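Chemist: To start, I am sharing the structure in question, which I have written as structure tokens.
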């Protein structure tokens with residue numbers, strides 16, 4: 005389509021490259037940028053390049069950070085004997101948002117996926133084992149996504165972690181809060197029944 | 005929320021400022037940027053700043069362009085005696101995408117909205133009247149949004165344009181192609197009946 009401007013077309017292309025952004029939304033975003041003032045756009049551009057130039061990975065938990073070790077690893081108020089293993093840095097934020105966890109983290113940067121050529125060497129598995137050996141945490145919580153790759157990775161890690169003397173647990177699968185039994189898929193409902201919690205008696 | 009990185013938080017904020025992008029999507033986009041290679045991010049940042057530094061407005065139709073007059077105004081294959089009046093530069097793209105129109109354009113940069121302090125002086129109305137007086141097009145097509153402000157602006161322009169000796173028309177309102185009468189609102193269905201097309205007989 006002729007946008008009458010090559011630089012506008014390019015910006016639309018860049019927005020459309022982002023995940024979940026289609027051509028129409030990309031166009032709307034590009035026109036929004038066009039209407040924004042110069043300073044706001046310069047700030048946006050700087051935020052983009054800053055993220056790439058300033059962000060590095062924590063030497064302990066492998067989460068994204070601007071200085072290694074990261075603030076979660078150095079926070080003395082956090083519990084040392086629990087390590088929560090997640091797939092991606094964004095999962096750390098999701099767990100933090102619950103306010104239910106006060107231990108440390110370990111970011112794997114993916115899950116095992118042999119078809120995509122992702123084995124243990126591509127993930128931070130070696131680093132996790134070294135850390136557990138060294139720090140001997142009481143519990144390792146596997147907060148991986150409840151899908152095929154997440155399940156396979158969880159079983160793989162469990163086999164390696166249990167011999168090191170720590171408890172390995174996995175976040176519960178079940179009906180989401182506010183969900184409806186009628187519309188739950190059978191696998192989820194089955195898991196919810198298996199993982200039922202005793203209420204007394 | 006503690007992102008463990010001030011520059012990452014800032015990028016999330018910038019994405020969340022875009023229209024239609026919530027905090028969760030902004031976070032997903034920021035992590036996507038983090039995973040992209042340096043060159044791709046630099047290209048994105050450059051596209052943002054380029055749009056602001058290179059884009060100007062066409063002296064004739066007031067559409068966005070990198071050189072005035074724009075390619076739509078200088079294209080000799082387009083018909084000179086039709087002018088399509090639209091609200092925003094993005095509407096030019098929407099009309100162009102139909103392939104149904106081969107005339108010229110005029111971008112108002114908004115619609116009349118007294119409550120927001122937008123009167124004729126804030127829009128390219130004076131420029132439209134001067135252009136119609138000078139070029140005497142056969143027809144002015146008002147392709148404004150079919151909402152209250154669009155309607156008011158259309159009636160206002162019609163009053164001013166008709167005395168200048170041109171036909172003033174307005175794009176049809178009716179049931180969208182592929183739409184369903186049952187789910188159409190009464191105003192739209194009413195307009196569709198009023199604007200019915202004779203099929204013969």
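Chains as they are written, first to last, in our numbering: chain D, 5 to 205; chain P, 5 to 205.
We put the CB at the ideal spot given by N, CA and C, even for glycine.
Just so it is clear, the structure is predicted and the values come from calculations on it, not from any experiment.
(1) Quick one: list the residues of chain P neighbouring residue 20 (chain D), beta-carbon separation under 9 Å, in chain order.
(2) Applying the criterion that 16 or more other CB atoms from any shown protein chain within 10 Å of the CB defines a buried residue, is residue 83 (chain D) buried or exposed?
(3) When the Cα of residue 13 (chain D) is compared with those of P:68, P:81, P:133, which residue comes out closest?
(4) Please report the distance separating the alpha-carbon of residue 88 (chain P) from that of residue 17 (chain P).
(5) Nearest-angstrom Cα distance between residue 30 (chain P) and residue 86 (chain D)?
(6) Hey, out of P:54, P:117, P:51, P:113, whose CA is closest to residue 62 (chain P)'s CA?
(7) Apart from the five residues on each side of it in sequence, which residues of its chain come closer than 7 Å, Cβ to Cβ, to residue 74 (chain D)?
(8) In the segment 94-172 of chain P, which residue ranges form an unbroken beta strand (DSSP E) of at least 3 residues, counting only runs that do not cross its ends?
(9) Can you confirm whether residue 38 (chain P), when its beta carbon is compared against all beta carbons of chain D, has any partner nearer than 7 Å?
(10) Any Cβ of chain D within less than 7 Å of the Cβ of residue 173 (chain P)?
(11) Evaluate residue 26 (chain P) with the Cβ neighbour count: other Cβ atoms within 10 Å of its Cβ, from every protein chain shown; 16 or more gives buried, anything less gives exposed.
(12) Please report the distance separating the alpha-carbon of residue 100 (chain P) from that of residue 32 (chain D).
(13) Taking C-alpha atoms, which residue in D:11, D:22, D:93, D:105 lies nearest to residue 71 (chain P)?
(14) Taking the runs of the alpha helix (DSSP H) that are 4 residues or longer, which of them lie wholly in the segment 173-200 of chain D?
(15) Which of the residues in the segment 52-64 of chain D, read from start to end, lie with their CB under 7 Å from any CB of chain P?
(16) Under the rule that 16 or more other beta-carbon atoms within 10 Å means buried, what is residue 91 (chain D), buried or exposed?
(17) Are the C-beta of residue 70 (chain D) and some C-beta of chain P separated by less than 7 Å?
(18) Across which residues does DSSP place residue 62 (chain P) in a beta bridge pair?
(19) Would you tell me roughly how many angstroms separate the C-alpha atoms of residue 78 (chain P) and residue 96 (chain P), rounded to the nearest one?
(20) From residue 1 (chain D) to residue 197 (chain D), what does the alpha carbon distance come to, in whole angstroms?
(21) Any idea what DSSP makes of residue 90 (chain D), helix, strand or coil?
(22) Can you name the start and end residues of the alpha helix (DSSP H) that residue 38 (chain P) belongs to?
(23) Give the DSSP-derived three-state secondary structure of residue 68 (chain P) in the structure shown.
(24) For residue 129 (chain P) versus residue 153 (chain P), is the C-beta distance shorter than 7 Å?
(25) Can you tell me whether DSSP reads residue 19 (chain P) as helix, strand or coil?
(26) Does the Cβ-Cβ distance between residue 147 (chain P) and residue 175 (chain P) come in under 7 Å?
(27) In the DSSP assignment, find the unbroken alpha helix (DSSP H) run with residue 9 (chain D) in it and report its ends.
(28) Going straight from the alpha carbon of residue 221 (chain D) to that of residue 45 (chain D), what length do you get?
(29) Determine the direct distance from the alpha carbon of residue 104 (chain P) to that of residue 41 (chain P), and round the result to whole angstroms.
(30) Here's the rule I'm using: 16 or more other beta-carbon atoms within 10 Å means buried, otherwise exposed. How should residue 137 (chain D) be labelled?
(31) Since residue 82 (chain P) meets chain D, which of its residues come closer than 7 Å, beta carbon to beta carbon?
(32) Let's see if you can read the secondary structure: which residues bound the alpha helix (DSSP H) around residue 77 (chain P)?
(33) Name the chain P residues that come within less than 8 Å of residue 29 (chain D), Cβ to Cβ?
(34) Could you tell me the alpha carbon to alpha carbon distance between residue 131 (chain D) and residue 205 (chain D), rounded to whole angstroms?
(35) Of all the options P:47, P:60, P:48, which has the alpha carbon lying nearest to the alpha carbon of residue 38 (chain D)?
(36) Would you say residue 49 (chain D) lies against chain P (beta-carbon separation less than 7 Å)?
Modeler: Answer, in terms of the structure:
(1) None at all; the shortest Cβ gap to chain P is about 11 Å.
(2) The residue in question, residue 83 (chain D), is exposed, as its Cβ has fewer than 16 Cβ neighbours within 10 Å.
(3) P:68
(4) 38 Å
(5) 30 Å
(6) P:113
(7) Non-local C-beta neighbours of residue 74 (chain D) in its own chain, meaning closer than 7 Å and more than five positions away in sequence, comprise 62, 65, 67, ordered along the chain.
(8) If one requires a minimum length of 3 residues, the beta strand (DSSP E) runs lying completely within the segment 94-172 of chain P are 108-111, 143-146, in chain order.
(9) So yes, residue 38 (chain P) belongs to the interface.
(10) Nearest CB-CB separation between residue 173 (chain P) and chain D: not below the 7 Å threshold.
(11) exposed
(12) 16 Å
(13) D:11
(14) 190-198
(15) Contact residues of the segment 52-64 of chain D toward chain P are 52, 53, 54, 55, 56, 58, 59 (C-beta to C-beta distance below 7 Å).
(16) buried
(17) Yes, residue 70 (chain D) lies at the interface with chain P (some Cβ there is under 7 Å from its Cβ).
(18) The partner list for residue 62 (chain P) (beta bridge, DSSP) is empty, contrary to what the question assumes.
(19) Roughly 15 Å separates the two Cα atoms.
(20) For residue 1 (chain D) there is no data in the structure shown, the boundaries of chain D being 5 and 205.
(21) strand
(22) 27-39
(23) Of the three classes helix, strand and coil, the one that applies to residue 68 (chain P) here is strand, per DSSP.
(24) no
(25) helix
(26) Contact flag set, yes.
(27) No alpha helix (DSSP H) contains residue 9 (chain D), which DSSP labels as neither H nor E.
(28) Here chain D covers residues 5 to 205 and nothing more, so residue 221 (chain D) does not appear.
(29) 41 Å
(30) exposed
(31) Against residue 82 (chain P), chain D offers no close residue; the least beta-carbon distance is about 12 Å (beta-carbon pairs closer than 7 Å).
(32) 75-78
(33) 24
(34) 44 Å
(35) It is P:60 whose Cα lies nearest to the Cα of residue 38 (chain D).
(36) Interface residue, yes.
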